[in-house]
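Counted the way full-length UniProt numbering counts, the sequence shown spans residues 1 to 377. For each residue, glycine too, the CB sits at the ideal point set by N, CA and C. All of these numbers come straight from a predicted model, not from anything done at the bench. Okay, structure first, notes after.
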Amino acid sequence: MRGVCAAAILLLSACAETGQEGERQPVAFAALSGWGPDEAARALPAFLAECRYLGRLPAEATLGPDSGLGAHVGDWLPACQAATAVPAGDGVAAQRFYETWFAPVLVSSSALFTGYYEPEIRGALSRGGIYQTPVYRVPEDLTRARATDGRSVSGHWQGGRFVPYWSRAQIDAGALAGRNLELLWVADPADLFFLQIQGSGRVRLPSGQIVRLGFGGKNGQPYVPLGRVLVQKGEMSEDAVSMQSIRAWLTAHPAQARAVMEENPNYVFFNALDDVPASQGAPGAMGVPLEPGRSAAVDRRAIPLGTPVWVETTLPAPANQTWRRLVYAQDIGTDIKGAGRADLFLGWGDEAEQTAGAMRQHGRMIALTPRPVVTRP
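Structure follows, in C-alpha cells:
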C-alpha cells in the first residue's frame, strides 16, 4: 500500500479528487490509441500473476464498490481461467483474449497521473555513527476503529477515548523510544520522510546487503504537503515545487529541516519484507508484487482492485514521451481519490526516482471491466 500519492503529495495539496466522474461510457478497443498484439502480449503475464493471487481468495471477497461486475473476486475468475490457455508470447491470441473477456469503459478523459517508486537509502541494523534515525515497525497499540461517519481510521485508545496516534513531532521526540520497535536505523531523517511518502523501499546496509521494507500502517494523523508549507513560508514559489526541489531545500537547511518535516504530523510504519526477491517490487494492497510500468494505485471505491486500466498519457521532462499501456489496479494510496486518479508504479533506481518526482500528467484512463460470461463475443 502506498503511504500517500507520490508527486502531488509533496506539492501544494494532497491528491485531490480529479477527473470527470460522470464520464463513464463504453468505448471500443479500436479507440485505445496504441492497443494491439504487442502490448497485449507484454501485459498478459502481469494479469496471470494477479490471477494466482485471486485464485486463493473466496469468490465473494470484495475488491471495490459493490456496483457492477468486477466488485468481487468471482467476477474475474472466468477470465483468469481463460488466460491460462493463451500461448506465451502470442500477441494475436493475447489481444483476442482481452477483447473477448473485457469491455472498455472510459473513466476519465482528463485523469491525473502521478508516479511512485521504491527509494534506496543508507541504513544499519543497529544505532551508531551516522545511523541515528529509527525506522519503526507497527506499534502493538496502533489499531483501527470505525468513526461515527463510517470511515475506518487509525489511532489508539487513551483514557477510554480513541484518538489519533502520536504525531511525527511526538515520535521524533521519543514517544516510541524504549519499546523495541526499531527495524533499523538510517543516516538521514529526510530519507525516512521520503521513504514514508513512497510507502516501501530498500535500505542498503554497510555490508552491501539490501533490506526490503513495506508499508505496515500509519498513525491516523492528517497529511500536510511539504510543498505547501515551504510556499507559505516564502521558501519557494509554487511553480518551483517538486520532489527534487523539496529534497534540495531540506539538504541545504539542516537546522530547519526537522521542524519543517514535523509540520506534517502524518507518520508511516513499516514491515520487513524478508522473502521478496530484489527483482520484484514490494507487494501492493492486493498482495501481488508491484511491477514497474504495470502496477498502479487507485481509489478502490471507484475502481475495483485487479482491474486492467488502459492509460494514455506522457512522461514528464526530460523523457517527454508518450506513455500508452495497460496497467493493473493493484495498490491504493491514502489520498488518491476519485475515478480520475492513478499513481503509476515506476520501479526503483535513479531513473524511476527522477520520473516519479516530476510526474504530474493528465490523460485518458479506460477501465477494462469483465464481461458477463453469457454476453461475451
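For Gln361, verify whether its CB is less than 8 Å away from any heavy atom of the ligand MG.
-> Absence of the ligand MG is noted for the structure shown, with no ligands found whatsoever.
Cβ-Cβ separation, Pro292 to Gly284 (assumed contact under 8 Å), whole Å | Position 284 of the sequence shown, counted from the start, is the residue given in the question as residue 284. Position 292 of the sequence shown, counted from the start, is the residue given in the question as residue 292. Contact between Gly284 and Pro292 does not hold, since their C-beta atoms are separated by about 12 Å, which reaches or exceeds 8 Å.
Are the Cβ atoms of Ala272 and Leu346 separated by less than 9 Å?
-> Residue 272 sits at position 272 when you count from the first residue of the sequence shown. Residue 346 sits at position 346 when you count from the first residue of the sequence shown. Not closer than 9 Å, so no.
With a cut-off of 8 Å, do at least 3 Cβ pairs link the region 45 to 63 to the region 76 to 87?
-> Cβ pair count under 8 Å is three or more, so yes.
So does the region 187 to 200 actually touch the region 121 to 134, counting three or more Cβ pairs closer than 8 Å?
-> With the rule of 3 Cβ pairs closer than 8 Å, the region 187 to 200 counts as touching the region 121 to 134.
For Gly357 and Asp343, believed in contact at Cβ under 8 Å, the rounded distance = For this step, residue 343 is matched to residue 343 along the sequence shown. For this step, residue 357 is matched to residue 357 along the sequence shown. Between Gly357 and Asp343 the Cβ distance is about 13 Å, and since that is not below 8 Å, they are no contact.
For Gly22, name the three-state secondary structure that DSSP assigns.
-> Residue 22 sits at position 22 when you count from the first residue of the sequence shown. Residue confidence is low: Gly22 scores 48 on pLDDT, short of 50, so the model does not pin down where it sits. No coordinate-derived value is stated.
Nearest-angstrom Cα separation, counted from Thr322 out to Leu368 = Locating residue 368 in the sequence shown gives position 368, counting from the first residue. Locating residue 322 in the sequence shown gives position 322, counting from the first residue. A straight-line Cα-Cα distance of about 21 Å links Leu368 and Thr322.
Local conformation of Ala8 per DSSP, three classes | As a first step, residue 8 is located in the sequence shown; it is residue number 8 there, counting from the start. Because the pLDDT of Ala8 is 46, which lies under 50, any placement of that residue in the model is unreliable, and the number read from its coordinates should be weighed accordingly. Correct three-state label for Ala8: helix.
If you draw a straight line from the C-alpha of Leu69 to the C-alpha of Arg371, how long is it?
-> Numbered from its first residue, the sequence shown carries residue 69 at position 69. Numbered from its first residue, the sequence shown carries residue 371 at position 371. Distance between the alpha carbons of Leu69 and Arg371: 8 Å.
What separation, rounded to the nearest whole angstrom, lies between the Cα atoms of Leu142 and Leu106?
-> The residue given as residue 142 occupies position 142 in the sequence shown. The residue given as residue 106 occupies position 106 in the sequence shown. One Cα belongs to Leu142, the other to Leu106, and the distance between them is close to 39 Å.
Starting from the C-beta of Met359, find all residues in its chain whose C-beta is less than 6 Å away, skip the five residues before and the five after it, and write them out in chain order.
-> On the sequence shown, position 359 is the one that residue 359 refers to. Only Ala7, Thr114, Gly115, Pro316 meet the Cβ criterion.
Return the CA-CA distance between Ala93 and Pro87, expressed in angstroms with no decimal places.
-> Position 93 of the sequence shown holds residue 93. Position 87 of the sequence shown holds residue 87. The C-alpha of Pro87 is placed about 7 Å away from the C-alpha of Ala93.
Taking C-alpha atoms, which residue in Val211, Pro318, Gly306, Ala297 lies nearest to residue 388?
-> Beyond the ends of the chain as shown, which are 1 and 377, falls residue 388; an answer cannot be given.
Using the rule of at least 16 other Cβ atoms within 10 Å of the residue's Cβ for burial, across every protein chain shown, is Ala278 buried or exposed?
-> Residue mapping note: residue 278 aligns to position 278 of the sequence shown, counting from 1. Counting Cβ neighbours within 10 Å, Ala278 comes out exposed, since fewer than 16 surround it.
Check whether the region 147 to 162 touches the region 197 to 205, counting contact only when three or more Cβ pairs, one atom from each stretch, lie closer than 8 Å.
-> Segments in contact, no.
Extent of the continuous beta strand (DSSP E) to which Pro134 belongs = Residue 134 sits at position 134 when you count from the first residue of the sequence shown. First-last of the beta strand (DSSP E) with Pro134: 133 to 136.
Any idea if Ala352 is buried or exposed, counting beta-carbon neighbours within 10 angstroms, 16 or more meaning buried?
-> On the sequence shown, residue 352 is found 352 positions in, with the first residue counted as 1. Buried.
Helix, strand or coil for Gly199, going by three-state DSSP, please let me know.
-> Start at 1 with the first residue of the sequence shown, and residue 199 comes out as number 199. Coil.
Using beta-carbon positions only, say whether Asp331 and Met286 come within less than 9 Å of one another.
-> The sequence position of residue 331 within the sequence shown is 331, counting from 1. The sequence position of residue 286 within the sequence shown is 286, counting from 1. It is a contact, given that the beta carbons lie within the stated cut-off.
When the Cα of Arg137 is compared with those of Thr100, Leu176, Thr148, Pro164, which residue comes out closest?
-> Here residue 137 is taken as the residue at index 137 of the sequence shown, counted from 1. Closest option to Arg137, judged by alpha-carbon separation, among Thr100, Leu176, Thr148, Pro164: Leu176.
Between which two residues does the alpha helix (DSSP H) containing Ala255 stretch?
-> Within the sequence shown, the letter at position 255 stands for residue 255. 254 to 261 is the extent of the alpha helix (DSSP H) around Ala255.
Segments assigned beta strand (DSSP E), at least 3 residues, entirely inside the UniProt domain "Lytic transglycosylase MltA" (120 to 271) | Positions of the beta strand (DSSP E) runs, each at least 3 residues long and wholly inside the UniProt domain "Lytic transglycosylase MltA" (120 to 271), are given as 120 to 124, 133 to 136, 143 to 146, 152 to 158, 161 to 163, 182 to 186, 201 to 204, 210 to 218 in order along the chain.
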